[in-house]
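Presented below is the structure to which this report refers.
In the UniProt record's numbering, the protein residues as written are 1 to 354.
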């Protein structure tokens, strides 16, 4: 090797050494960072089968109905979490605005005392169904009944109060967007309805006049009919539950109001008196609703005819997946239970856009 080439070789060797060192450093860096990067982008939830990992996206693609049920249940839990947090926050804001404590603001039904008539009606309604009341006289249990009615009143006032606050402070809860729900073709038949027959959105309600959750949902359904007046059609179908002893006759009586064109007025009366639907009171409410009583009496005397229609509603409801009340189908999309108004509006708004 010539003396002239020696410096060039040394320089090249030095350069190669530096490159090797840099490559080594870079390699170590990659090794140190590749796992955190992988962890950042890899799913935290999966099922490993053999050497392959399957994520929720795989479930979503192969079993959309199973995934939707999971996502819906998860959304419900998150919604309740946000809802409770929102309730606590608006209470603090409202208490601060009024200059009182949260405790003072939430003393519901503090001055409420049930009347003797309310207590007797409750006793008569449940004495044969609730084990704690069976075989006991009214005098023995009137204290318990009074406490029960106070709790019911307290719950009603609490619900109403929170609803007012949620409206005042413009609460809007957003959760994960669900994949499009499955639609069921739900027949409306000749059942009572409100709204234009050619409305873009039809809501079919399966409900029970004696069901407390159905009664609670009526505030929401009324708001929806007012909010979307002229845009939706509301259809009511009978679904009296077998363990509500007064429900079947109440539905029979309601159907007897249809020929007289007074169904919806009577409907409201029945739900307002949901806890007191003994036969005689149902008949009294018919008179209060302005029904022609001789015609009404003639109709309810033929209970078997009315029951056929009601039982047909129940059978069809069960075919659509109804196993409790209330249950709603918004253009065939099922909403179960006494849900907040947002559970309906998000579907209705989307259906109106389609």
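We put the CB at the ideal spot given by N, CA and C, even for glycine. The model shown is predicted, which means the values in this text are computed figures rather than measured ones.
| Query | Result |
| --- | --- |
| For residue 341, which residues in the same chain have their Cβ closer than 8 Å to its Cβ, ignoring the five residues on either side in sequence? | 220, 223 and 224 |
| Spatial neighbours of residue 118 within its chain, please: CB distance less than 7 Å, with the 5 preceding and 5 following residues excluded, ordered by chain position. | 149 |
| Per DSSP, what kind of secondary structure is residue 100 in: helix, strand or coil? | coil |
| Report the start-end ranges of each alpha helix (DSSP H) in the segment 284 to 325 that is 4 residues or longer and not cut off at the edges. | 293 to 301 and 303 to 319 |
| In this structure, does DSSP put residue 336 in helix, strand or coil? | strand |
| Between residue 134 and residue 206, what straight-line distance do the alpha-carbon atoms span, to the nearest angstrom? | 31 Å |
| Run through DSSP, which three-state label would residue 354 get? | coil |
| Tell whether a beta-carbon distance below 8 Å holds between residue 210 and residue 277. | yes |
| Kindly indicate which three-state DSSP category residue 238 falls into: helix, strand or coil? | strand |
| Give, in chain order, every unbroken run of the beta strand (DSSP E) that is at least 3 residues long and sits entirely within the segment 226 to 276. | 232 to 238 |
| In or out: residue 49 buried (at least 16 other Cβ within 10 Å) or exposed? | exposed |
| Cutting at 6 Å between CB atoms, please list the residues of its own chain near residue 238, excluding the five before and the five after it. | 251, 310 and 313 |
| If you run the structure through DSSP and keep just helix, strand and coil, what is residue 380? | The shown model of the chain, from 1 to 354, leaves out residue 380, and the question about it has no answer. |
| Would you mind reading off the limits of the beta strand (DSSP E) that contains residue 150? | Note, residue 150: premise wrong, no beta strand (DSSP E); alpha helix (DSSP H) at 138 to 168. |
| By a C-beta neighbour count over all protein chains shown, 10 Å radius and 16 as the cutoff for buried, is residue 413 buried or exposed? | This structure leaves residue 413 out entirely; the chain is present only between 1 and 354. |
| Taking all protein chains shown into account, decide if residue 242 is buried (16 or more other Cβ within 10 angstroms of its Cβ) or exposed. | exposed |
| When burial is assigned at 16 or more other CB atoms within 10 Å of the CB, is residue 54 buried or exposed? | exposed |
| Express the C-alpha separation of residue 343 and residue 360 in angstroms, rounding to a whole number. | Limits of the chain in this structure are 1 at one end and 354 at the other, which puts residue 360 out of reach. |
| Where DSSP assigns a beta bridge to residue 68, which residues make up the other side? | DSSP, once it has assigned bridges, lists no residue as partnering residue 68. |
| For residue 77, name the three-state secondary structure that DSSP assigns. | helix |
| Along the chain, where does the alpha helix (DSSP H) containing residue 61 start, and where does it finish? | 56 to 62 |
| Take the Cβ of residue 167 as the centre, count every other Cβ of all protein chains shown within 10 Å, and call the residue buried at 16 or more, exposed below. | exposed |
| On the three-state DSSP scale, how would you describe residue 345? | helix |
| Roughly how many whole angstroms lie between the Cα atoms of residue 254 and residue 190? | 14 Å |
| With which residues is residue 48 paired in a DSSP beta bridge? | 53 |
| Since residue 186 is in the beta strand (DSSP E), which residue starts that stretch and which ends it? | Premise fails: residue 186 is in no beta strand (DSSP E) and is neither H nor E. |
| Which residue wins for smallest C-alpha separation from residue 45, given the options 51, 52 and 56? | 56 |
| So for residue 82, helix, strand or coil by DSSP? | helix |
| For residue 265, which residues in the same chain have their Cβ closer than 6 Å to its Cβ, ignoring the five residues on either side in sequence? | 289 |
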